[in-house]
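FYI, in my numbering the residues of the sequence shown are 13 to 660. Glycine included, C-beta positions come from ideal geometry on N, C-alpha and C.
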Amino acid sequence: MAYHPTKYLPFIGASGLLIIITGIVVMFGWVYHIDILTTVRPGYAAMKFNTAISLILLSNAMLLLIPAQDKVKWVYISKIFSALAFFIGAWSFIQFFMNHSYNINTLFFSHDENHHHDFIMSPHTAFCISGVGLSIFLAKAKRIYLRKICQYVLHVTTLIAFAVLVGYLYGVPELQKLSMMSSMAVHTSIALILLSVSASLINPALGITGIFTGTMIGHMMARRLFFSLLAGILLAGYLRIFSHRYGLVSVEFGISLLTVSFCVITLILIWIVSSILNRAHRRLQAAKENLRRVVEAAPYALVMSDKAGMIYEVNSKTKEMFGYKPGELKYKNVAMLVPSYFREEWMKKRTSFLESPAVKHYGFDDEIPALRKDGTVFPIEIVLTPIKTDDGVKILSFVSDITARKANENIITKQLIELQSKNQELEQFNYISSHDLQEPLRTLLNYIQLLEEDYPDLNPEVLEHLKVMEASVKRMSTVVRSLLDFGRLGRNKKLVLTDCRQIINDVLSDLSTIIKQNNATIVINDEEQPPKVYAYESELRQLFQNLINNAIKFRKKDVDPFIEISCKRISGYYEFAVADNGIGIDQKHFEKIFDIFQRLHKESEFAGHGIGLANCKKIAEMHGGKIWVESAPGRGSTFKFTILNFKP
Ligand code: ADP
Numbered sequence: 013m014a015y016h017p018t019k020y021l022p023f024i025g026a027s028g029l030l031i032i033i034t035g036i037v038v039m040f041g042w043v044y045h046i047d048i049l050t051t052v053r054p055g056y057a058a059m060k061f062n063t064a065i066s067l068i069l070l071s072n073a074m075l076l077l078i079p080a081q082d083k084v085k086w087v088y089i090s091k092i093f094s095a096l097a098f099f100i101g102a103w104s105f106i107q108f109f110m111n112h113s114y115n116i117n118t119l120f121f122s123h124d125e126n127h128h129h130d131f132i133m134s135p136h137t138a139f140c141i142s143g144v145g146l147s148i149f150l151a152k153a154k155r156i157y158l159r160k161i162c163q164y165v166l167h168v169t170t171l172i173a174f175a176v177l178v179g180y181l182y183g184v185p186e187l188q189k190l191s192m193m194s195s196m197a198v199h200t201s202i203a204l205i206l207l208s209v210s211a212s213l214i215n216p217a218l219g220i221t222g223i224f225t226g227t228m229i230g231h232m233m234a235r236r237l238f239f240s241l242l243a244g245i246l247l248a249g250y251l252r253i254f255s256h257r258y259g260l261v262s263v264e265f266g267i268s269l270l271t272v273s274f275c276v277i278t279l280i281l282i283w284i285v286s287s288i289l290n291r292a293h294r295r296l297q298a299a300k301e302n303l304r305r306v307v308e309a310a311p312y313a314l315v316m317s318d319k320a321g322m323i324y325e326v327n328s329k330t331k332e333m334f335g336y337k338p339g340e341l342k343y344k345n346v347a348m349l350v351p352s353y354f355r356e357e358w359m360k361k362r363t364s365f366l367e368s369p370a371v372k373h374y375g376f377d378d379e380i381p382a383l384r385k386d387g388t389v390f391p392i393e394i395v396l397t398p399i400k401t402d403d404g405v406k407i408l409s410f411v412s413d414i415t416a417r418k419a420n421e422n423i424i425t426k427q428l429i430e431l432q433s434k435n436q437e438l439e440q441f442n443y444i445s446s447h448d449l450q451e452p453l454r455t456l457l458n459y460i461q462l463l464e465e466d467y468p469d470l471n472p473e474v475l476e477h478l479k480v481m482e483a484s485v486k487r488m489s490t491v492v493r494s495l496l497d498f499g500r501l502g503r504n505k506k507l508v509l510t511d512c513r514q515i516i517n518d519v520l521s522d523l524s525t526i527i528k529q530n531n532a533t534i535v536i537n538d539e540e541q542p543p544k545v546y547a548y549e550s551e552l553r554q555l556f557q558n559l560i561n562n563a564i565k566f567r568k569k570d571v572d573p574f575i576e577i578s579c580k581r582i583s584g585y586y587e588f589a590v591a592d593n594g595i596g597i598d599q600k601h602f603e604k605i606f607d608i609f610q611r612l613h614k615e616s617e618f619a620g621h622g623i624g625l626a627n628c629k630k631i632a633e634m635h636g637g638k639i640w641v642e643s644a645p646g647r648g649s650t651f652k653f654t655i656l657n658f659k660p
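Shown next, in the form of structure tokens:
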């Protein structure tokens, strides 16, 4: 049941202000002897000075309690105000019965013979004021029963003040006086109704106020019915008195008319209520039907069971999954869906779920077996949800058969193991072959050098051939070494918190010679600072080094290199870019350049072995990212790569 105390703030605020203004006007009337301000209409009872003060105190006390100002300090002041009003009310009430010498009624005004009002607060006003005072005083009490009692005291006040108001409406002096000597003024009665109703809204869920303030259909009906019925009855009663007073109809005819009009009012209201209830009922039916369809269409088996495991409801997917016919599962125990060897464990899980009922998943990390009617066992994933019903907590289980997924997982795991072992073999092969190849290359080189040294008089043509051989062997040795490094990338490396800015600075200082030689300008765009990330540090350094090195190397002959390094954050990734003003790359080579040993130029044009970008690709992928290039011939190139912003 939802109650929104803040919803009533405008009403509470407006009533409070209205009463304060009325009180001030009445006090003004008393001070300056302007009767009309105290009586509203000549001949009517006046609102007493003390009543006006009390009403002002009470309104302030109430306004200080409205939730927006629910501060301890305000509550404290409110208590002082309400206590004062209670005191004035209670004293006046007691004094009415005991002729006490300390006359509170003449506290502010001495009795004035020329002034025709009496000063005595009527006992029912005094009672109401002390009642409202007490109720506001205790409105924020911690104990609920105190607040409840106060709420009912407020309701009694509303009733008394309403009776007086009806007396004024129908011109019944007895009701105004309520068989006591002094009368309650008409505006006092209105103020007391407003005050008691709005004060009761400080605790909107309590007492009769709770019937009107909730959001359920019953509350809505109460609101609609009560106020229309009240208006109808008041009007019918008024017409009855009016017709009687002016002798328009006989008493019998008048009462018959009153009875008939009551019947008509009641009938109209019943009609309205029944159509609202019917509409709500139809909506409920439609919602139920929709829910039933959702349940039936769900890709899960849905099983509703009680704490003891008795099955109440299942959808058709359940019957299909477990191989039962309609009706075979209802009122049986869920244990029949669990293989015997797992029952005890499953019941333990259910018990622990019931100890702290909140949505729980099973079968994601652990194995949960289920039992079909034909005795076959299959793996499931199950989500248990507590459902609150009038008969206590029930358990709704969403069951999915994960046989196919498990089978796929097994295949994938098997393939993964195979792949890992193949990879290991390959790495081993790469390592051994590169390593073993180095040895004969070294021997070859040694012999070439020996030949050159030992036979200085060799034919120049032979010497020339030896030089070519030496260069080729050296190149091959470098290639083999790069291959070895490529294979080793990321092996046994650990993620460490790496400062990218620092890495870039280190690379720039390592490359300072070639930067100077090429008269290159390198800027780091500091719109977004290169971040600190968890990365394979030396690999990331190599990546930056390769890209910056290439950006300088593939420069235009007659233009000084200008290189810009930038970084930006995109959901879960960091994207880095190294942009140059070099020779650029044709779009058709965008993919190829990242393959190992792929070059677009001859060694004589630009030195290199075509392994740098292959390394970069592998490093970006090791960091969960990718690398690509944006370029056009003659227009420079921008190499971009991403790395995952991941925690180890
Ligand atoms: P290498 O630099 O040893 O040739 P890479 O793998 O680093 O090998 O680069 C492969 C090819 O990509 C280079 O041969 C070159 O043609 C092209 N390339 C790389 N970087 C750039 C660049 N910044 N501007 C133009 N071309 C580039």
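CA-to-CA distance, residue j to residue i, given in whole angstroms
{"i": "Ile582", "j": "Ala589", "result": "13 angstroms"}
{"i": "Phe602", "j": "Phe334", "result": "55 angstroms"}
{"i": "Leu241", "j": "Ala73", "result": "32 angstroms"}
{"i": "Phe108", "j": "Gly143", "result": "16 angstroms"}
{"i": "Glu476", "j": "Ser494", "result": "27 angstroms"}
{"i": "Pro468", "j": "Lys479", "result": "13 angstroms"}
{"i": "Arg257", "j": "Leu279", "result": "28 angstroms"}
{"i": "Asp367", "j": "Ile399", "result": "Just to set this straight, residue 367 is Glu in the shown sequence, not Asp. Those two C-alpha atoms are separated by around 14 angstroms."}
{"i": "Lys569", "j": "Ile595", "result": "9 angstroms"}
{"i": "Asn126", "j": "Ala57", "result": "Confidence in Asn126 is poor, its pLDDT being 45 and thus under 50, which makes the residue's placement unreliable; the coordinate value appears in the next sentence. For Asn126 and Ala57, the distance between alpha carbons rounds to 16 angstroms."}
{"i": "Cys162", "j": "Phe365", "result": "42 angstroms"}
{"i": "Ser66", "j": "Cys275", "result": "42 angstroms"}
{"i": "Thr330", "j": "Ala299", "result": "22 angstroms"}
{"i": "Glu549", "j": "Asn558", "result": "14 angstroms"}
{"i": "Leu30", "j": "Met110", "result": "34 angstroms"}
{"i": "Lys342", "j": "Glu325", "result": "6 angstroms"}
{"i": "Arg500", "j": "Asn627", "result": "10 angstroms"}
{"i": "Pro369", "j": "Pro338", "result": "29 angstroms"}
{"i": "Leu204", "j": "Asn327", "result": "58 angstroms"}
{"i": "Asn345", "j": "Leu314", "result": "15 angstroms"}
{"i": "Ser191", "j": "Phe149", "result": "At Ser191 the pLDDT is 41, less than 50, meaning the model places this residue with poor confidence and gives no usable figure here."}
{"i": "Glu615", "j": "Val545", "result": "36 angstroms"}
{"i": "Lys382", "j": "Asp413", "result": "The question names Lys, but residue 382 is Ala in the sequence shown. For Ala382 and Asp413, the distance between alpha carbons rounds to 9 angstroms."}
{"i": "Met233", "j": "Thr221", "result": "14 angstroms"}
{"i": "Tyr250", "j": "Leu181", "result": "8 angstroms"}
{"i": "Asp448", "j": "Glu439", "result": "14 angstroms"}
{"i": "Tyr459", "j": "Ile631", "result": "38 angstroms"}
Residue i: first and last residue of the uninterrupted beta strand (DSSP E) it sits in
{"i": "Glu642", "result": "Ile639 to Ser643"}
Residues that DSSP places opposite residue i in a beta bridge
{"i": "Lys652", "result": "Ala589 and Trp640"}
{"i": "Val535", "result": "Glu576"}
{"i": "Asp511", "result": "Lys544"}
{"i": "Thr397", "result": "Leu408"}
{"i": "Ala382", "result": "Phe390"}
{"i": "Arg581", "result": "Tyr586"}
Residue i - containing alpha helix (DSSP H), residue span
{"i": "Lys152", "result": "Per DSSP, Lys152 belongs to no alpha helix (DSSP H) and is neither H nor E."}
{"i": "Phe376", "result": "Run containing Phe376: none; DSSP gives neither H nor E here."}
{"i": "Pro468", "result": "From DSSP, Pro468 is part of no alpha helix (DSSP H); its letter is neither H nor E."}
{"i": "Ile33", "result": "Leu21 to Val43"}
{"i": "Arg12", "result": "This structure cannot speak to residue 12, because the chain is shown only from 13 to 660."}
{"i": "Lys528", "result": "Ser524 to Gln529"}
{"i": "Leu75", "result": "Phe61 to Leu75"}
{"i": "His621", "result": "No alpha helix (DSSP H) holds His621; DSSP gives it neither H nor E."}
{"i": "Gly101", "result": "Val84 to Phe109"}
{"i": "Arg553", "result": "Glu549 to Lys565"}
{"i": "His613", "result": "Element bounds for His613: n/a, residue is neither H nor E."}
{"i": "Val209", "result": "Val198 to Ser212"}
{"i": "Phe224", "result": "Thr221 to Thr225"}
{"i": "Ile48", "result": "Asp47 to Thr51"}
beta-carbon residue i near ligand 2 non-hydrogen atom, thresh 8 angstroms
{"i": "Asp570", "result": "Only ligand 1 can be found as ligands here, which leaves ligand 2 out of the picture."}
Checklist line | Unbroken stretches of the beta strand (DSSP E), 3 residues or longer, contained in the stretch 403 to 450 | finding: 404 to 413
Next item on the list: Please go through the stretch 282 to 368 and give each complete alpha helix (DSSP H) segment of 4 or more residues, from N-terminal end onward.
Entry: 328 to 334 and 352 to 367
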